[in-house]
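Notes for the one structure printed next.
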Amino acid sequence: MSLLLSLYFDVFGVLTILGGIIGYMKAKSRASLVAGGVSGGLLLVAAWLAHSGHAFSGFILGGVVSLALLGRFAPAYRKQHKFFPAGLMALLGLGGIAVAVLGIAR
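Position one of the sequence shown corresponds to residue 902 (my numbering), numbered consecutively onward.
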(Lines of atoms letter the chains of each structure in order from A and count residues from 1; the text may use other names and numbers.)
(Lines give C-alpha, C1' and ligand atoms only; values in the text may rest on other atoms or scores of the structure.)
Protein backbone atom coordinates (compact mmCIF):
# COMPACT_ATOMS: atom_id res chain seq x y z
CA MET A 1 0.00 0.00 0.00
CA SER A 2 2.81 2.38 0.87
CA LEU A 3 4.38 1.79 -2.55
CA LEU A 4 1.14 2.65 -4.32
CA LEU A 5 0.63 5.81 -2.26
CA SER A 6 4.20 6.99 -2.75
CA LEU A 7 3.83 6.49 -6.50
CA TYR A 8 1.48 9.48 -6.39
CA PHE A 9 4.37 11.66 -5.21
CA ASP A 10 6.56 10.31 -8.04
CA VAL A 11 3.99 11.37 -10.64
CA PHE A 12 3.21 14.65 -8.86
CA GLY A 13 6.92 15.48 -8.65
CA VAL A 14 7.54 14.86 -12.35
CA LEU A 15 4.46 16.89 -13.33
CA THR A 16 5.58 19.74 -11.07
CA ILE A 17 9.05 19.81 -12.64
CA LEU A 18 7.53 19.72 -16.13
CA GLY A 19 5.17 22.54 -15.14
CA GLY A 20 8.12 24.66 -14.03
CA ILE A 21 9.86 24.02 -17.35
CA ILE A 22 6.70 24.92 -19.30
CA GLY A 23 6.30 28.09 -17.22
CA TYR A 24 9.85 29.06 -18.09
CA MET A 25 9.43 28.30 -21.79
CA LYS A 26 6.12 30.15 -22.13
CA ALA A 27 6.70 33.17 -19.91
CA LYS A 28 10.49 33.13 -19.43
CA SER A 29 9.71 32.87 -15.72
CA ARG A 30 12.83 31.79 -13.86
CA ALA A 31 10.72 31.72 -10.69
CA SER A 32 8.54 29.01 -12.24
CA LEU A 33 11.58 27.02 -13.25
CA VAL A 34 13.18 27.22 -9.80
CA ALA A 35 9.97 26.69 -7.83
CA GLY A 36 8.89 23.80 -10.05
CA GLY A 37 12.32 22.20 -9.81
CA VAL A 38 12.61 22.57 -6.05
CA SER A 39 9.07 21.51 -5.17
CA GLY A 40 9.08 18.70 -7.74
CA GLY A 41 12.44 17.52 -6.46
CA LEU A 42 11.15 17.50 -2.89
CA LEU A 43 8.15 15.45 -3.97
CA LEU A 44 10.50 12.94 -5.62
CA VAL A 45 12.55 12.80 -2.41
CA ALA A 46 9.31 12.20 -0.48
CA ALA A 47 8.46 9.31 -2.79
CA TRP A 48 11.97 7.88 -2.44
CA LEU A 49 11.78 8.08 1.36
CA ALA A 50 8.44 6.30 1.35
CA HIS A 51 9.84 3.62 -1.01
CA SER A 52 12.99 3.08 1.05
CA GLY A 53 11.47 2.29 4.41
CA HIS A 54 11.15 5.83 5.77
CA ALA A 55 7.48 6.05 4.93
CA PHE A 56 6.50 8.38 7.78
CA SER A 57 9.15 10.96 6.81
CA GLY A 58 8.27 10.64 3.15
CA PHE A 59 4.57 11.18 3.71
CA ILE A 60 5.22 14.13 6.03
CA LEU A 61 7.48 15.78 3.44
CA GLY A 62 5.03 15.03 0.63
CA GLY A 63 2.16 16.40 2.66
CA VAL A 64 3.99 19.63 3.52
CA VAL A 65 5.00 20.25 -0.10
CA SER A 66 1.47 19.41 -1.27
CA LEU A 67 0.01 21.84 1.27
CA ALA A 68 2.40 24.57 0.10
CA LEU A 69 1.47 23.99 -3.54
CA LEU A 70 -2.23 23.97 -2.71
CA GLY A 71 -1.75 27.25 -0.80
CA ARG A 72 0.01 28.78 -3.78
CA PHE A 73 -2.29 27.60 -6.57
CA ALA A 74 -5.81 27.45 -5.05
CA PRO A 75 -6.07 31.26 -4.68
CA ALA A 76 -4.76 31.69 -8.24
CA TYR A 77 -7.39 29.29 -9.53
CA ARG A 78 -10.17 31.07 -7.63
CA LYS A 79 -9.02 34.38 -9.06
CA GLN A 80 -8.41 33.36 -12.70
CA HIS A 81 -10.64 30.26 -13.12
CA LYS A 82 -8.02 28.68 -15.40
CA PHE A 83 -7.54 24.97 -14.95
CA PHE A 84 -3.99 24.97 -16.29
CA PRO A 85 -1.78 25.40 -14.41
CA ALA A 86 -3.46 26.69 -11.26
CA GLY A 87 -6.46 24.36 -11.11
CA LEU A 88 -4.42 21.28 -11.94
CA MET A 89 -1.74 22.07 -9.36
CA ALA A 90 -4.34 22.85 -6.69
CA LEU A 91 -6.09 19.55 -7.42
CA LEU A 92 -2.81 17.64 -7.34
CA GLY A 93 -1.89 19.38 -4.07
CA LEU A 94 -5.19 18.36 -2.54
CA GLY A 95 -4.59 14.80 -3.70
CA GLY A 96 -1.10 14.90 -2.21
CA ILE A 97 -2.50 15.91 1.16
CA ALA A 98 -4.97 13.03 1.03
CA VAL A 99 -2.20 10.58 0.09
CA ALA A 100 -0.01 11.87 2.92
CA VAL A 101 -2.81 11.45 5.45
CA LEU A 102 -3.54 7.93 4.21
CA GLY A 103 0.15 7.04 4.25
CA ILE A 104 0.65 8.31 7.79
CA ALA A 105 -2.56 6.67 9.07
CA ARG A 106 -1.78 3.21 7.70
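Think of the CB as a built atom: it goes at the ideal place given N, C-alpha and C, for glycine as much as any other residue. Source: prediction; values computed, not measured.
Alpha carbons only, please: which of the options is nearest the one belonging to residue i?
i	options	result
residue 916	958, 975, 945	945
residue 942	951, 923, 966	966
residue 911	993, 934, 948	948
residue 923	913, 914, 937	937
residue 1002	929, 914, 959	959
residue 933	996, 956, 970, 952	970
Can you give me the Cβ contacts of residue i inside the same chain, cut-off strictly under 6 angstroms, excluding the 5 residues immediately before and after it?
i	result
residue 909	1000
residue 974	987, 990, 991
Short of 7 angstroms in beta carbon distance, which residues of its chain neighbour residue i, apart from the five on each side in sequence? Order them along the chain.
i	result
residue 921	933, 934, 936, 937, 938, 941
Problem - Completely contained alpha helix (DSSP H) runs for the stretch 915-972, where each covers 4 or more residues - result: 931-952
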